[in-house]
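Participant: Numbering (UniProt numbering), first residue to last: 39 to 486.
We treat Cβ as the ideally placed atom computed from N, Cα and C, and that holds for glycine.
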Ligand code: PMP
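1) To the nearest angstrom, report how far apart residue 208 and residue 214 are at their CA atoms.
2) Can you have a look at residue 117 and say buried or exposed, based on whether 16 or more other CB atoms are within 10 angstroms of its CB?
3) How long is the line joining the alpha carbons of residue 70 and residue 241, rounded to whole angstroms?
4) Does the beta-carbon distance from residue 476 to residue 374 come in below 8 angstroms?
5) Confirm the yes/no value for this check: CB of residue 289, any heavy atom of the ligand PMP, distance under 7 angstroms.
6) Excluding five sequence neighbours on each side, which residues of the same chain lie with their C-beta closer than 7 angstroms to the C-beta of residue 336?
7) Does DSSP classify residue 95 as helix, strand or coil?
8) Do residue 146 and residue 349 have their CB atoms nearer than 8 angstroms?
9) How long is the line joining the alpha carbons of residue 216 and residue 106, rounded to whole angstroms?
10) I need the boundaries of the beta strand (DSSP E) containing residue 173, first residue and last residue.
11) Any chance the segment 435-449 sits against the segment 242-259, with 3 or more Cβ pairs inside 8 angstroms?
12) Classify residue 98 as buried or exposed, calling it buried when 16 or more other Cβ atoms lie within 10 Å of its own Cβ.
13) Taking the DSSP output, what are the residues bridged to residue 216?
14) Closest to residue 260 by CA distance: which of 63, 78, 190 is it?
15) Considering only C-alpha positions, which residue in the set 403, 482, 486 is nearest to residue 86?
16) Taking 7 angstroms as the cut-off, is the C-beta of residue 153 nearer than that to any heavy atom in the ligand PMP?
17) Are the beta-carbon atoms belonging to residue 131 and residue 143 less than 8 angstroms from one another?
18) Measure the CB-CB distance between residue 326 and residue 312 and report whether it falls below 8 angstroms.
19) Could you give the DSSP three-state label for residue 325: helix, strand or coil?
20) Buried or exposed for residue 428, going by 16 or more other Cβ atoms inside 10 Å?
21) Give the range of the beta strand (DSSP E) segment to which residue 26 is assigned.
22) Taking C-alpha atoms, which residue in 200, 396, 384, 225 lies nearest to residue 474?
23) Would residue 164 and residue 177 be called neighbours here (beta carbons separated by less than 8 angstroms)?
24) Exposed or buried, what is residue 66 when buried is set at 16 or more other beta-carbons lying within 10 Å of its beta-carbon?
25) Tell me the rounded alpha-carbon separation between residue 371 and residue 284.
26) Among the residues of its own chain, which have a CB less than 8 angstroms from the CB of residue 74, if the five just before and after it don't count?
27) Taking only heavy atoms of the ligand PMP into account, decide whether any of them is closer than 7 angstroms to the Cβ of residue 257.
28) Count the other CB atoms, across all protein chains shown, that sit within 10 Å of the CB of residue 90; report buried if there are 16 or more and exposed otherwise.
29) Tell whether a beta-carbon distance below 8 angstroms holds between residue 300 and residue 255.
30) Do residue 357 and residue 103 have their C-beta atoms closer together than 8 angstroms?
31) Closer than 7 angstroms by C-beta to residue 472: which residues in its own chain qualify, once you throw out the five before and the five after it? Chain order, please.
32) Quick check on residue 95: buried or exposed, where buried means 16 or more other Cβ atoms within 10 Å of its Cβ?
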């Protein structure tokens with residue numbers, strides 16, 4: 039089987055139908071902001087493998103660190119003994135934690151596992167059962183993580199019953215309150231916190247509530263940064279009732295929003311901070327970070343996993359942390375973010391395009407454009423609101439498809455008409471400009 043088409047067809051037959059793909063073909067190589075396919079196609083990657091390769095594909099320092107580690111120790115199982123990269127990584131992470139109190143670390147493989155670990159910890163530490171999550175949230179595909187995921191039914195269709203004891207409130211996102219996009223952050227915050235207040239008095243009493251889990255930037259639910267007042271409000275409720283605040287920065291963390299962690303903006307202290315994706319730039323690794331005073335309540339042996347905190351992944355993550363400092367990655371992300379927002383806003387200023395654009399939002403290089411609903415260009419906020427919602431894959435998927443045809447990988451997100459931009463944080467000015475041009479051409483062609 040030599041041809042690219044034959045291999046692709048082989049995959050289509052033998053790889054489970056449960057896996058979806060946004061592009062045809064077989065990937066063979068990744069360098070910086072580009073990936074190559076077996077048929078010679080080269081694509082500008084504005085997906086970063088869903089927010090993972092933040093330093094671009096095969097960053098030389100990261101790949102070298104992993105290769106070197108492969109020659110020393112591949113699997114130093116964490117329940118057998120500490121291994122050096124695990125501890126070196128903690129040394130590097132402590133100074134960039136959003137709060138000094140976050141001093142107790144556990145590494146796992148995936149974001150979903152980190153979510154599972156955090157929820158188990160919260161139940162054990164508080165002696166309570168219930169967990170509150172946000173409507174629109176995505177926390178992963180394992181059973182517990184799926185139970186707190188509320189972004190799309192596709193993830194759990196037909197697999198219920200899920201983990202019991204899960205409740206949810208609306209995120210401070212205008213769609214979820216059936217309000218216009220121009221609604222002030224304070225009103226959205228008040229609406230969501232009011233729902234939390236009702237929930238805690240009507241459905242799950244604080245004494246039965248172990249944790250609130252929140253993405254500070256709603257990811258798969260539409261790329262919505264939470265107002266800082268909302269995050270502060272959650273912290274206050276948690277403090278009042280001894281509920282743990284689990285902050286899921288699996289997608290928004292590690293520089294994605296132009297700062298190490300988005301939660302820094304609100305100065306809110308998480309009880310548990312979750313990270314993954316960009317942490318090891320493509321090597322499987324996630325982190326559950328908490329306070330020693332809390333994790334000391336866990337019995338030795340109650341946390342673990344065969345591959346948890348793999349030595350090669352930890353060595354790669356050490357190199358990622360070094361590269362962030364040495365290569366001014368955050369400053370680059372902020373500069374490219376300004377260019378991206380400027381290009382998207384310029385497109386919105388064009389009167390022929392404006393009616394098709396509902397909203398532009400995000401932070402750093404976690405940015406979204408939401409198109410007007412499929413009910414018609416220029417339709418008001420009520421056309422895309424949950425009441426009478428017409429969830430058709432319309433503009434967003436057509437634009438993303440056009441971008442792919444033109445050589446740029448772009449993802450959609452959420453049940454609304456949203457495309458998301460998550461290019462590498464170290465993308466060059468030239469490649470950012472190129473990506474914005476491809477996007478603009480694609481929008482114009484779809485609108486025409
Ligand atoms: N939490 C968030 C916020 C995520 O975005 C994701 C993945 N998209 C997960 C958890 C799950 O991570 P993983 O796919 O590594 O299990």
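Facilitator: This is what the structure holds:
1) Translated into the one-based positions of the chain shown, residue 208 becomes position 170. Translated into the one-based positions of the chain shown, residue 214 becomes position 176. Straight-line Cα distance between these residues: approximately 6 angstroms.
2) Mapped onto the chain shown, residue 117 falls at position 79. Residue 117 is exposed by the Cβ-count criterion.
3) Working through the chain shown from its first residue, we reach residue 70 at position 32. Working through the chain shown from its first residue, we reach residue 241 at position 203. If you take the alpha carbons of residue 70 and residue 241, they lie about 49 angstroms apart.
4) Your numbering for residue 476 matches position 438 in the chain shown. Your numbering for residue 374 matches position 336 in the chain shown. Going by C-beta atoms, residue 476 is not nearer than 8 angstroms to residue 374.
5) Walking along the chain shown from the start, residue 289 turns up at place 251. Yes, Cβ of residue 289 sits closer than 7 angstroms to a heavy atom of the ligand PMP.
6) Translated into the one-based positions of the chain shown, residue 336 becomes position 298. These residues qualify, in order along the chain: 159, 162.
7) Working through the chain shown from its first residue, we reach residue 95 at position 57. Correct three-state label for residue 95: strand.
8) Position 108 of the chain shown, counting from 1, holds the residue named residue 146. Position 311 of the chain shown, counting from 1, holds the residue named residue 349. Not in contact: residue 146 and residue 349 (Cβ atoms no closer than 8 angstroms).
9) Here residue 216 refers to the residue found at position 178 of the chain shown. Here residue 106 refers to the residue found at position 68 of the chain shown. C-alpha separation (whole angstroms): 53 angstroms.
10) By 1-based counting over the chain shown, the position of residue 173 is 135. 168-173 is the extent of the beta strand (DSSP E) around residue 173.
11) No, the segment 435-449 does not touch the segment 242-259.
12) Residue mapping note: residue 98 aligns to position 60 of the chain shown, counting from 1. Looking at its Cβ environment, which holds fewer than 16 other Cβ atoms inside 10 Å, residue 98 is exposed.
13) On the chain shown, residue 216 is found 178 positions in, with the first residue counted as 1. Note: residue 216 sits in no beta bridge, so no partner.
14) For the purposes of this step, residue 260 is taken as residue 222 along the chain shown, with counting starting at 1. Of 63, 78, 190, the residue nearest in Cα terms is 190.
15) In the chain shown, residue 86 corresponds to position 48, counting from 1. Checked all of 403, 482, 486; the closest Cα to residue 86 is 403.
16) Within the chain shown, the letter at position 115 stands for residue 153. For the ligand PMP, at least one heavy atom lies less than 7 angstroms from the Cβ of residue 153.
17) Here residue 131 refers to the residue found at position 93 of the chain shown. Here residue 143 refers to the residue found at position 105 of the chain shown. Contact flag set, yes.
18) Counted from its first residue, the chain shown places residue 326 at position 288. Counted from its first residue, the chain shown places residue 312 at position 274. For residue 326 and residue 312, yes; Cβs fall inside 8 angstroms.
19) Locating residue 325 in the chain shown gives position 287, counting from the first residue. Here residue 325 carries a strand assignment [DSSP, helix/strand/coil].
20) Mapped onto the chain shown, residue 428 falls at position 390. The predicted position of residue 428 is uncertain, since its pLDDT is 40 and thus under 50; no value can be drawn from it.
21) Shown here, the chain extends from 39 to 486; a query on residue 26 therefore has no answer.
22) Against the chain shown, residue 474 aligns to sequence position 436. Comparing Cα positions, the closest option is 384.
23) Start at 1 with the first residue of the chain shown, and residue 164 comes out as number 126. Start at 1 with the first residue of the chain shown, and residue 177 comes out as number 139. In this structure, residue 177 does not lie closer than 8 angstroms to residue 164 by Cβ.
24) Walking along the chain shown from the start, residue 66 turns up at place 28. Exposed, since its Cβ has fewer than 16 Cβ neighbours within 10 Å.
25) Stepping through the chain shown from its first residue, residue 371 is reached at position 333. Stepping through the chain shown from its first residue, residue 284 is reached at position 246. Using only the alpha carbons, I get a separation of about 26 angstroms.
26) The count along the chain shown starts at 1 and reaches residue 74 at position 36. So the list reads 65, 66, 67, 68, 80, 81, once near-sequence residues are dropped.
27) Counting from 1 along the chain shown, the entry for residue 257 is found at position 219. Correct: residue 257 has its Cβ closer than 7 angstroms to the ligand PMP.
28) As a working note, residue 90 is residue 52 in the chain shown. Looking at its Cβ environment, which holds 16 or more other Cβ atoms inside 10 Å, residue 90 is buried.
29) As a working mapping, residue 300 is identified with position 262 in the chain shown. As a working mapping, residue 255 is identified with position 217 in the chain shown. Going by C-beta atoms, residue 300 is nearer than 8 angstroms to residue 255.
30) Locating residue 357 in the chain shown gives position 319, where the first residue counts as 1. Locating residue 103 in the chain shown gives position 65, where the first residue counts as 1. For the pair residue 357 and residue 103, the CB atoms are nearer than the 8 angstroms cut-off.
31) Translated into positions along the chain shown, residue 472 becomes position 434. Result list for residue 472: 82, in chain order.
32) In the chain shown, counting from the first residue as 1, residue 95 sits at position 57. Buried, because 16 or more other Cβ atoms sit within 10 Å of the Cβ of residue 95.
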